[in-house]
Ligand SMILES: Cc1cc2nc3c(=O)[nH]c(=O)nc-3n(C[C@H](O)[C@H](O)[C@H](O)COP(=O)(O)OP(=O)(O)OC[C@H]3O[C@@H](n4cnc5c(N)ncnc54)[C@H](O)[C@@H]3O)c2cc1C
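In my numbering, the protein residues as written are 589 to 932.
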């Protein structure tokens, strides 16, 4: 990297927070990825805005990294600057609102809400990553409030979306303006907000939640985590242990894989049989299929897991194979939910 640029970045973030050739495998949940040419850690919104503004002025590419839980970084790494967002301040506003900086970790945010007796954010406990990315992607998971319906009819379990609890978002626009926008600006698409198109970066977000008693929140959190990772869990109304349902088409039970991954690789897409992406991959015969050290997980076919030492090229080969097979068998075009970054 050019010496003047390097000097300027160090001036902004301090030498302790600047690194060169930083292996991205250390910063991704996949534990995969070549080096970032430059890597800076930022802990305040002011520094975050300064670094982004300065890199844009100097014409250097930059990539904003949250928790690295939704990206596949190429084996040849990332040119320019990776900005690791570690802004993490959270504050209670009035009785039922929380403002969180974008680098706050989802689970920390859910716990902060719980400590303040606020319900509505429990599902974020189960989603790795940061609040900024959760808003950008409109992250979602099963609504723990709807689990009681599971015992009557599993198809009645609904989803929770981050944008449903967001009130306003502070953004940095591609032309350098800082603005506060409301829900209408963000849109309501499944698994993405409009920010994915506009390129706005999330600086902070304010969430509106509801007051409730601590026992309700801790029950919802427990059932949330059990639902995520266990093959059986406790019906909160009867105390009975209940087995998870099998996929009605493939006969498999899906749980969250424990090996390193980036969550669901593909988005669900509309289709006549209402097959989720994982089921399509399963029906295409790819559950447990391996290339190099990467494999479609035995626990959930929409996850690719790193068996240890996988290359981005292995994962990419699996992605392309799934797209090809699913299109051939079902005429459907799978689209990545994970973000591919850098050179492959
Ligand atoms: C085991 C596992 C389970 C998962 N389960 C779920 C789930 O149930 N539901 C779900 O929705 N997702 C799930 N995911 C995916 C992941 O948790 C989410 O996509 C999460 O939002 C990623 O956050 P991150 O901070 O790690 O983003 P990163 O991976 O760091 O970045 C992802 C993208 O967001 C951009 N970005 C990061 N911060 C900002 C910001 N402040 N402003 C604008 N853009 C930003 C990045 O530039 C990049 O393009 C799972 C992932 C794993 C590993």
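Virtual Cβ for every residue (Gly too), placed ideally from N, Cα, C. As the structure is a computational prediction, the values presented were derived from the model and not from experiment.
Under the DSSP assignment, residue 703 falls in the alpha helix (DSSP H) whose first and last residues are 694–703. Judged by the Cβ position, residue 728 qualifies as a neighbour of ligand 1 at the 8 Å threshold, a heavy atom of the ligand being closer than this. Not one heavy atom of ligand 1 sits closer than 8 Å to the Cβ of residue 917.
In the same chain as residue 638, and ignoring 5 residues on each side of it, the C-beta atoms closer than 7 Å to its own belong to 600, in chain order. In this model, residue 877 and residue 907 are separated by some 11 Å (Cα to Cα).
Burial check for residue 917: the Cβ neighbour count within 10 Å stays below 16, so the residue is exposed. Restricted to the segment 784–856, the beta strand (DSSP E) segments that are unbroken, complete and at least 3 residues in length are 789–796, 820–822, 829–831, listed in chain order. By the criterion of a C-beta distance shorter than 7 Å, residue 715 is surrounded in its chain by 694, 722, 727, 729, once the five residues flanking it on both sides are discounted. Burial state of residue 770 is exposed, judged by a 10 Å Cβ sphere holding fewer than 16 other Cβ atoms. With a cut-off of 8 Å, the C-beta of residue 852 is classified as near ligand 1, since at least one heavy atom of the ligand falls inside that distance. The segment 618–628 makes no contact with the segment 679–699: fewer than 3 CB pairs, one atom from each, lie closer than 8 Å. In summary, residue 761 is exposed, with fewer than 16 beta-carbon neighbours lying within 10 Å of its beta-carbon over all protein chains present. Considering only 802, 675, 821, 704, the residue with the shortest C-alpha distance to residue 632 is 675.
When DSSP states are grouped into helix, strand and coil, residue 884 belongs to the strand group. Around the Cβ of residue 641, a 10 Å sphere holds fewer than 16 other Cβ atoms; the residue is exposed. Contact between residue 654 and residue 691 holds, with the beta-carbon distance rounding to 7 Å and staying under 8 Å.
Counting the other CB atoms within 10 Å of its CB gives residue 805 a total of 16 or more, which places it among the buried residues. Under DSSP, residue 650 takes part in a beta bridge, and its partners are 669. Beta-bridge partners of residue 773 (DSSP): none assigned. Just measuring C-alpha positions, the residue of 677, 590, 679 sitting nearest residue 643 is 590.
With a cutoff of 9 Å on beta-carbon distance, residue 625 and residue 666 are scored as near each other.
No Cβ-Cβ contact shorter than 9 Å links residue 846 with residue 814. With 16 or more neighbouring CB atoms inside 10 Å of its own CB, residue 889 falls in the buried class.
Not one heavy atom of ligand 1 sits closer than 8 Å to the Cβ of residue 765. Its Cα nearest to that of residue 864, the residue 842 stands out among 850, 842, 882, 849. Within the model, the alpha-carbon separation for residue 628 versus residue 598 is close to 9 Å.
Beta-bridge analysis with DSSP links residue 894 to 882. Residue 793 is positioned such that its CB atom lies no closer than 9 Å to that of residue 829.
The beta carbon of residue 708 sits closer than 6 Å to the beta carbons of 753, 797, 798 from its chain, once the five residues preceding and following it are set aside; these are given in chain order. Between residue 922 and residue 874, the C-beta spacing is not below 9 Å. The three-state secondary structure of residue 916, taken from DSSP, is helix. Looking at the DSSP output, residue 707 bridges to 798.
The residues 841, in chain order, have a CB closer than 6 Å to that of residue 834 in the same chain once the five nearest residues on each side in sequence are set aside. Exclusion of the five residues before and after residue 899 leaves 620, 663, 880, 881, 882 as the residues of its chain whose Cβ lies within less than 8 Å of its Cβ. A heavy atom of ligand 1 is found nearer than 8 Å to the CB of residue 658.
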